[in-house]
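Engineer: Pasting a structure below so you can have a look.
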């Protein structure tokens, strides 16, 4: 049977699933999570490391785009030969 969207992954047991919804227009204060797993996850995040990773990704993306945009210019057609 064909399944849309690629391979279907098995779902984790419900006891391991964390579903969190938080919305506040004024995010001036630190969020407080009732779920201890979520609180632990966010308290252990290294923001500076994440920022550095994002900058690296942006740089690689720009390099990738430059390579492919330049490769279109380098192609020769039969008329050029």
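Residue numbers (my numbering): 1304 to 1384.
We put the CB at the ideal spot given by N, CA and C, even for glycine.
Consult DSSP for residue 1349 and reduce its assignment to one of helix, strand or coil.
Structural biologist: Coil at residue 1349, not helix or strand.
Engineer: For a test of the three-state rule: what should DSSP assign to residue 1331, helix, strand or coil?
Structural biologist: The answer is coil: DSSP assigns residue 1331 none of H, G, I, E or B.
Engineer: Quick one, are the C-beta atoms of residue 1342 and residue 1335 less than 9 Å apart?
Structural biologist: Closer than 9 Å, so yes.
Engineer: Could you check the C-alpha separation between residue 1360 and residue 1338 for me, to the nearest Å?
Structural biologist: When rounded, the distance between both Cα atoms is 31 Å.
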